[in-house]
Structures are given as C-alpha cells and as structure tokens.
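Protein chains in written order, with our numbering: chain A, 7 to 499; chain B, 47 to 408. Ideal Cβ positions, reconstructed from N, Cα and C, are used throughout, including at glycine. Single-structure report; data block below.
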Amino acid sequence: MKRLFYLLCITLCLVSCNRKQEKQTNENQEIRTEKDLEGKVVGTLTGTCFEIDFAGRSDFRLVRQPTLSDLIASLRKGRIDAILYDEISLPDTLLHKNGIKMAFRTEKSYPCAFACTKSNLDLVNKFNEFLARLKSSGELRDITDKWMNATDYTNVEMPTIQIDSLNGEPLIVGTSYTTAPISYMIGDEWYGLEIEILNRFGEYIGRPVHYRLFDFAAIIPALQSGNIDMAGGVIFVTEERQRKLALTDVYYHCHGGFFVRDLSAKTEDEAPDFSNFKESFNKNLIVENRWVFLARGLKVTLEITLLSMLFGSILGIGLLAMRRSQRSWLNKTAKIYSSILRGIPMVVLLMILFYIVLIGFSGVGVAVVAFSMTFASSFAATMDNAILAVGNQQHEAGEAMGFTNIQILRYITGPQALKRALPQFKSEAIALIKNTSVVGYVAIQDLTRACDMIRARTFEAFFPLLFITVIYFILAWLMGKFLDYIFKIAIKI
Amino acid sequence: MISIKHLSKTYVNPDGSQFEVLRDVSCEIHKGEVISIIGPSGNGKSTLLRTINLMTKPTSGEIFFEGENILAKDYPINKLRQRMGMVFQTFNLFEHLTVLENVTLAPMKLKGVGQAEAEKEAMVLLHKVGMDDKCNAMPSDLAGGQKQRVAIARALAMHPEVILFDEPLSALDPSMVGEVLTVIRQLAHEGMTMLFVTHKLKFARDVSTRIFFMYDKGIHEDGTPQQIFENPVHSATKAFVQQIYKLLFVVEGQDFDIVEMHSQMLQFCNKYNIADKIEIMQQIINMMVLLVLSDYRPLTVRISYIELYERTTIDFMIEGLDTSPLQAEDFDPHLLDEVRAFSKEIIEEPTKRGYRIKVVLP
Chain A
7 MKRLFYLLCI
17 TLCLVSCNRK
27 QEKQTNENQE
37 IRTEKDLEGK
47 VVGTLTGTCF
57 EIDFAGRSDF
67 RLVRQPTLSD
77 LIASLRKGRI
87 DAILYDEISL
97 PDTLLHKNGI
107 KMAFRTEKSY
117 PCAFACTKSN
127 LDLVNKFNEF
137 LARLKSSGEL
147 RDITDKWMNA
157 TDYTNVEMPT
167 IQIDSLNGEP
177 LIVGTSYTTA
187 PISYMIGDEW
197 YGLEIEILNR
207 FGEYIGRPVH
217 YRLFDFAAII
227 PALQSGNIDM
237 AGGVIFVTEE
247 RQRKLALTDV
257 YYHCHGGFFV
267 RDLSAKTEDE
277 APDFSNFKES
287 FNKNLIVENR
297 WVFLARGLKV
307 TLEITLLSML
317 FGSILGIGLL
327 AMRRSQRSWL
337 NKTAKIYSSI
347 LRGIPMVVLL
357 MILFYIVLIG
367 FSGVGVAVVA
377 FSMTFASSFA
387 ATMDNAILAV
397 GNQQHEAGEA
407 MGFTNIQILR
417 YITGPQALKR
427 ALPQFKSEAI
437 ALIKNTSVVG
447 YVAIQDLTRA
457 CDMIRARTFE
467 AFFPLLFITV
477 IYFILAWLMG
487 KFLDYIFKIA
497 IKI
Chain B
47 MISIKHLSKT
57 YVNPDGSQFE
67 VLRDVSCEIH
77 KGEVISIIGP
87 SGNGKSTLLR
97 TINLMTKPTS
107 GEIFFEGENI
117 LAKDYPINKL
127 RQRMGMVFQT
137 FNLFEHLTVL
147 ENVTLAPMKL
157 KGVGQAEAEK
167 EAMVLLHKVG
177 MDDKCNAMPS
187 DLAGGQKQRV
197 AIARALAMHP
207 EVILFDEPLS
217 ALDPSMVGEV
227 LTVIRQLAHE
237 GMTMLFVTHK
247 LKFARDVSTR
257 IFFMYDKGIH
267 EDGTPQQIFE
277 NPVHSATKAF
287 VQQIYKLLFV
297 VEGQDFDIVE
307 MHSQMLQFCN
317 KYNIADKIEI
327 MQQIINMMVL
337 LVLSDYRPLT
347 VRISYIELYE
357 RTTIDFMIEG
367 LDTSPLQAED
377 FDPHLLDEVR
387 AFSKEIIEEP
397 TKRGYRIKVV
407 LP
C-alpha cells in the first residue's frame, strides 16, 4: 500500500506540471482557416489518407498517433494544435463535450467503403447487391441520418437480428473504431453506423458477423493475411487501395476536418479532480457497464499470461534439456533459438506470427504462442544458470550412482536450481504480465486495450490509466505470491 | 572381476593440443582386493580410477566387468554404475536432502525399494559409519569427516560390488582423517572390493592388499604393500615411496626474520598435508631458537617429513661444536621442559660438522 501511495504522489506531481503547460498553449491564437495553421502541429491517425494527402506540407507539421483518443488527449493537453480527421467520426455532441470544435472542412471529400481481398470478389458483389437495395429503398439514408443526428449514443436503436437463425460461417470484420457513431462498444455489444450496415448485411447473407479490433494501420495487413474477411472503420477509397484490394461500393461520402480546441467553451478539466472521484469513477467504470471492458481485458491478460507460463515452462524444459545435452548440435540449436528471440522485439514477434506464420489462429492463440516462445527461452536460460550455480559435483555424484541425466535433473540438481532460480523467475513472470500489454497490436482486447476503449468513449486519460496501473500492480504482486507458493510445492516433490 | 586391457586416454584441449595421460595400461582386479593407486601428481591415477565406471571415457582399450566389455556400444552404463560405488574427495553430498534422504535416494529411485525399507536399511548403514544420530541433519551442518562417512554410507546403500574412492581423505582436516579411516578399515575387513586413489602412503600401506604405483602414463609397478614400500623393484618407485621432504634455514644473528620463517613453514606443511603439525613446529622452533640455543649462532634448522612413516623431525645443527649445549654448566635444564612436553623424543648427537639436536614430533 505504501508503494501505491508513492506512485500516486508521483502521478499527482506530473499532473500538476501538465496544468502549467496547458495554460501556456491556451493563450495561442484561435485557428479558423488553413492559413492559421502556419507553423502549427497537426495530429492525425497513422495509416489514414490524410497522412498521405497532407504529408510534406511545409506550412504545418503532421504528427501521427495510433488512436483517436490519443489525438484528443494530445489536443486537450496542447501537445498538438489541431486534429485532422474524418468528420463523421467526430460529431458535434462528442466535440462539444470535449471542448473541441471543427475549424474548417477539407476541400476534398472522401468516399467510404468496406474492403475485402481480391480473392474474395464474391463477398464484394454480394455486399454491393445488398447496398444497392438499401440505397434504393431509402433505408441507407435513414440509417445514416439516425446515427449522425443521435445525441445520446447509449440509447440508439439497433435492429435486432436473430443471430441463432444465421447458420452460415461467421463473417469476421476488422475495425479500428471504438468511437461513436461509426462503431463502438457498450459492454459486450457493438453499436454504430457501420455495425448496423454490416449486421444487416450479415442477416442478408445468413452469416453472423464477428468484430475484431485493430489499430488502423494494422487492418489492411490483417485482411491480406486472411485474419479477417472484411475491413471496416471508415476506409476511404483511394487508387492504391483499389489496386491492391477489392473495395465495395461507397456507402458514405465524408470530408476531412481540422478540429481545434474551442476556447470559448467551458472545458471539463482533464486534470484529476479527487473531490470528483466518485463521478469520474462512475463515468469511467459504471456508465454503459464500462467495467466490463476491464473485466474482460483482465481475463484475457490473465489467460495469455498463465497459458504462456504453462506452455513456456513445458517448452522451456525441452530447451533446457537441449542446452544441457552432450550433443553439440542440440546445444547450438537451443543457443541460436535463444539469441534470435532475444533480438526480436515482442511486438515484432507478435506481428510476424499473426500476419505471416500462424494465419488463421485467434489473436489470443498467437499471443500465447509468442509469449510461450520468449518465456521458454528465458526459463531455459534462468534454469541453466541456476543449475550451473548448483555445481557439477552433485551432478557427478548422481552420474556415478547410475542416475540418468533426466533423473539427476529431476531429483538432484533441479530442486536446488529451482530454489536459486526463484527470484529471477519471479521477475521474468512479472515482466511477462507487463509485456502482454502489447497484444493490442494483434486485435486482442487485453487490459491495456480495454483502457484504450474506455478512453475512446470518455476521452479521459487519467482515471482509466490509474485503474489499470493499480490492476497491473496488484497482478504483479499476486504473481510473486503465486510463484512463491508454486516453488514451495515444486521443491518438495 | 575387472580386467583392463591396453587402455589409453588422451585429452584434447579446447585449443586442439593433445595431452596423453594413460598409455597402454593393463591390469586385473580381483574380488576382495583393496588396491591403492599411488604416484606423483599428473600420472593418471584419477583418470584410471574414473575409467572403471566410465566417468571418463578411454580413448582406446577394453575394460571387462564380470567378463562383459563395458565399452561395448549397447552396454548399460547406468546399470554398471549402480553396481559400483564412488566416493569423492569433495564428498558431493546432495545439499538439499537430509543425511537420511541422501542415503535412501538411489535405492528408492533406482531400485524401487519402498521408503520404509530404504530408511530402515539406511539407518543400519548410518549406524555402521557412526552417523545415525545425525540422520536428520542437512549436509551443510556437517563437518568434513562426517560428510565423507555419509558419502560412504550412501555408496553402500546400493550394495555395490566394488567401491571407487577418489582421494577420500585429501580434503579432510587432519583431525578428521581417523574417523573416516576407521570406516574404511572396517569395510576392508568385511572383504569389500575397493580401489583408492590416494596421496597418503601410510594409509595405502596399512589398508591395501595391493598397490599400483603409477608413473610415466601407466602402472609402473604393481605389487603388495610390502614389496612396493620395502623392496621396490624400480628406482622411480623407490624414490617416490622413500622420499623425504625437507625445509632448511640458517639463523645467523639475533634479529633474523622470524615471520618469513613461519610463512615458509606454513607453506611446507600445507604442501605435504601436515598442517596439523604447524603449531607444535612453531612452538618448538621458537623455544629452541630464541631460548634454549639463543647463544649459539649460526644455527641451522632443518625440518624433514617422511611421508611413508608420516614422521616429522626438526634438526638443530650448531657447526663446529663438539659438546652438547644442553650439558653446558650455565644451562638451565628447565628451559627444555616445555620442548620435551611438545615432542615425542629428543636425540642429541655429535657429528663431523658439529653438534646436532634432533626433535621428533609426535
């Protein structure tokens, strides 16, 4: 608890520093036209058309960030002066609540469509057929108007679809959007304009639709590697995309917009206000059952951690046997394996497995494989060193008594090595928990990603981050206790 | 029981250079024999012992155990090792197990003996080596001699047909050699086949029925202790077994470097494993040089150690003197009382060079 208290103190200090910074930037002149952007910093989403269309502009500097909530937080903190984004993702209600307004639209409008791979033209044709019907019946306009004009996103009516009646193979759709009104989650359920269109399409072709969440930049690779059937999330039709992918007909035309701080609006103070803790707690966890994100994220994080430890340990024992083998080629193989894994960043390994090697695996499956691989490597290295520390003499005694190498490990050197390895092992396991926070890259909604999703709905950074900080901290502490217990048993056996 | 034929062993260093340790060694070992392998360091004593249970693989040659070639490809080495006990210089007890568990581990895990039965037998063996009252102690709580006795009980628990001892006494404090020796003697008396690699010639002479003298990469001389120690055939054997180790220094004036002298003595004692003698040695030399013979300079002091008999003597030579300084008129005989108390014997004798007082240590 004491440590937690210190942590809080440090965070508060940082926050108060931030406040000063905010005041400074607020004094800047308001941006109204493109000319006002001179010398400013404009943020946009990684991998969007805006990034391409506005890159290389000499009058302002373009920076890229992975999610909309990051962009909004940056704008409010004054790290950037404007956000360049599509206008449908940032409706007035959302803007108003966050003290942001649109300064002006881009001249160019962008057609939005869904994307499939070229090998899946069938699906595209079916969708176009479906969209044509929707257009001719005027339903598309109704749906679009409904979502664009909604004021309370928790209460928009979605058509009910009997998923049980859909007996076709699930249609896997990837999206990067967790913001209303395009696509967003309340508890377990997906809502939004795109979701409604896709759900109706699913009903039309008799296939239930499943959604997976990716970073925007990761969607097209996921599509190409076959992890998803269809990509959504405000995909603009561009020439390059048309060359590489099969795009459906356009369902919406949208302009880009430059969004800036609304200096006249009374902004909600982003700095944590502890007198209002109850309200923030309510807003970030209770409303729309947002705690469900955290609970499910926690479950996923635990699942990945524990399974990776289990499989990693099993694989690690194999690696250890190889490292300690008399045969030099086994030795070398194990060493090469370890040094390769040591040299690959976790995120890169995850993406290699997800997009190239293990196509068709679920995200969690890929994460378990990736973390098992690295955990096995560190497990083997830790145990090998611990066994070396036990010394060769007892090994020799066991050998002279007629024990096999495996028996010596099992009865003599292993138990002693375990005892020596415990501290190192603990820190590896805790590092594993923390490293799982990168699995968001392969469409897994873990604890960190759950925090992102809450932030995408509330546009608040401090409380969601504080919650997951506390949760990670408790997880690490529990992991330490758990390993103490496991090792106690293991040494006794 | 064991027959070794044309055995050779060459180690290859990591840099590719070769180092030959054994060359064409052949011998027969019969049931019930107690064999000591002696010889100067670096002549393959340990290597020969360790090839018998294949802890070291020979480069060429054959080893037969009960008529079977243990170097044959499909020979079950682990089964062989279960029939041969091994005791190490460094004890090598399993540090995480109690004394009792150290003894029961192999019978339970390798022979499938039940826990109750294994423990019962272990207690009998621990009683035999005098360690039954420490059965629940951890190895780290034991002294060296106790550890080695447990190691012997551990080897006995598998009912071995032969036990290989790799310098079992070398790492022991001299005061603890006796207790281990007692156990080994008892085993010899019971007819256990044993092989020892040892530096202790007296031990080899007293315990063994047969001695291998290893020299020049092979068994240079093989015979009974009587033959090897009293009538060695080869000159190398003779030189080795009758070797006398000496340390000499001359005391010239009153202000000689006594610290330097003590440090040389310590090195000498450590080198020949007689560190237990160092205190008595220092006491006697201090008293003789500084009190008894303080008027006689130059004084030559010589420490000699005969390994075979484990006899240490200190000679004090006063050159050019022909009468005993201890009989001189102004000599106080009480000065010698303490020296007498420390030593086994004091011998005075005139020589051609001068007068010599020989103090024999116990």
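In the displayed model, residue 400 of chain A falls within a helix according to three-state DSSP.
Closest by C-alpha distance to residue 223 of chain B, out of B:244, B:235 and B:164, is B:244.
Counting only runs of 4+ residues, no alpha helix (DSSP H) is found wholly inside the region 310-343 of chain A. Here DSSP, grouped into helix, strand and coil, assigns residue 457 of chain A to helix. Annotation: Cβ neighbours of residue 142 of chain B in chain A (cutoff 7 Å, chain order): 421 and 422. Taking a beta-carbon distance threshold of 8 Å, residue 412 of chain A does not count as an interface residue toward chain B.
Per the DSSP secondary-structure output, residue 71 of chain B pairs in a beta bridge with B:53. Per DSSP, the continuous alpha helix (DSSP H) segment holding residue 55 of chain A begins and ends at 55-59. Against chain A, the CB of residue 128 of chain B has a partner CB under 8 Å away; the residue lies at that interface. Residue environment for residue 373 of chain A: buried (at least 16 other C-beta atoms within 10 angstroms of its C-beta). Residue 355 of chain B and residue 221 of chain B have their C-alpha atoms some 17 Å from each other. Listed in chain order, the positions of the region 201-217 of chain B with a beta carbon within less than 9 Å of a beta carbon of chain A are 201, 204 and 210.
In chain order, 399, 402, 403 and 406 make up the part of chain A whose C-beta sits under 9 Å from the C-beta of residue 134 of chain B. When DSSP states are grouped into helix, strand and coil, residue 179 of chain A belongs to the strand group.
Of all residues in the region 150-166 of chain B, only 151, 152, 155 and 156 place a beta-carbon less than 8 Å from a beta-carbon of chain A.
If one requires a minimum length of 4 residues, the alpha helix (DSSP H) runs lying completely within the region 112-195 of chain A are 127-142 and 145-154, in chain order. Looking at B:389, B:338 and B:305, the one whose alpha-carbon comes closest to that of residue 376 of chain B is B:338. Between the region 192-208 of chain A and the region 162-173 of chain A there are three or more C-beta pairs closer than 8 Å, enough to call the two in contact. The Cβ atoms of residue 67 of chain B and residue 263 of chain B lie closer than 8 Å to each other. Counting C-beta pairs closer than 8 Å gives fewer than three between the region 92-109 of chain B and the region 482-489 of chain A, which falls short of the contact rule.
Under the three-state reduction of DSSP output, residue 221 of chain A falls in the coil class, being neither helix nor strand. The beta carbon of residue 255 of chain B sits closer than 6 Å to those of 79 and 80, all from its chain and outside the five residues before and after it, given in chain order. Beta-carbon to beta-carbon, residue 267 of chain A and residue 439 of chain A are separated by about 37 Å, too far to satisfy the 8 Å threshold. In terms of beta-carbon proximity, residue 101 of chain B lines the interface with chain A, with at least one pair separated by less than 8 Å. Listed along chain A is no residue with a C-beta nearer than 8 Å to that of residue 316 of chain B; the closest approach is about 22 Å. The beta carbon of residue 189 of chain B is closer than 8 Å to those of 219 and 222 in its chain, skipping five residues each way along the sequence.
Residue 370 of chain A and residue 447 of chain A do not touch by the CB rule: their CB atoms are close to 13 Å apart, not below 8 Å. By the CB criterion at 8 Å, residue 171 of chain B and residue 149 of chain B fall inside the cutoff. Among the bridge pairs identified by DSSP, residue 211 of chain B is matched with B:133 and B:242. In the structure shown, the three-state DSSP call for residue 289 of chain B is coil.
Secondary structure remark: continuous beta strand (DSSP E) runs of at least 3 residues inside the region 427-484 of chain A: none found. Spanning the alpha carbons of residue 64 of chain A and residue 41 of chain A requires a straight line of approximately 12 Å. Contact of residue 320 of chain A with chain B is not assigned, every C-beta pair being separated by 8 Å or more. For residue 340 of chain B, the number of other beta carbons within 10 angstroms of its own is below 16, and it is reported as exposed. When C-alpha distances from residue 397 of chain B are compared across B:378, B:405, B:391 and B:370, the shortest belongs to B:370. Relative to the Cα of residue 53 of chain A, the nearest Cα in the group A:67, A:222 and A:404 belongs to A:222.
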